[in-house]
């Protein structure tokens, strides 16, 4: 992801989430050194991911994984998730963490089918237009001996 991608990323973010990240948050993630990737299909942006890694403790944390709404249901999210896990493995990470909204059953099914296990719940983690929503915390143990 580069500065030039931010407006296209924000267009997807604003359509995909009830309370989207701000452009400032996206720029901060880019400049702080998180692994910010965009994914294209036929020269069109179809998704993006933002991952924080703490290699010293062997963890990668998926902060945002998003597929544009009109491209969902085509395996793109699974493909992006596989790329993230492979990147984490090659960086020496032993675990990948993420949070998901209980109100997003498609994402929850994707993570579970990819081997992620729910390890907790964060009460009131996500903002909503009115109120807050819990987050389901998932972890995937990965083998780094490839």
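In our numbering, the protein residues as written are 2 to 147. Note that the Cβ used here is the ideal one computed from N, Cα and C, for glycine as well.
Below 8 Å, too few C-beta pairs join the segment 37 to 45 and the segment 90 to 103 to call them touching: fewer than three. Excluding the 5 residues flanking it on each side, residue 70 has same chain C-beta neighbours closer than 7 Å at 16 and 17, in chain order. Unbroken beta strand (DSSP E) stretches of 3 residues or longer found wholly inside the segment 50 to 109: 60 to 68 and 96 to 101, given in chain order. DSSP places residue 25 within a helical segment (H, G or I) once states are collapsed to three.
At the C-beta level, residue 26 and residue 37 stay beyond 8 Å of one another. Residue pairing by DSSP places residue 136 opposite 123 in a beta bridge. Here residue 48 is buried, its C-beta having at least 16 other C-beta atoms within 10 Å. 63 is the residue among 20, 59, 105 and 63 whose C-alpha sits nearest the C-alpha of residue 30. Its chain contains 28 and 31 as the residues whose beta carbon lies nearer than 8 Å to that of residue 4, once the 5 sequence neighbours on both sides are disregarded; these appear in chain order. The beta carbon of residue 65 sits closer than 6 Å to those of 51, all from its chain and outside the five residues before and after it, given in chain order. Residue 141 and residue 74 have their C-alpha atoms roughly 22 Å apart. DSSP places residue 14 inside the alpha helix (DSSP H), whose first and last residues are 7 to 17. DSSP places residue 40 in the uninterrupted beta strand (DSSP E) bounded by 36 to 42.
As the crow flies, the alpha-carbon of residue 109 is around 14 Å from that of residue 76. Short of 8 Å from the beta carbon of residue 118, and not among the five residues preceding or following it, lie these beta carbons of its own chain, in chain order: 139, 140 and 141.
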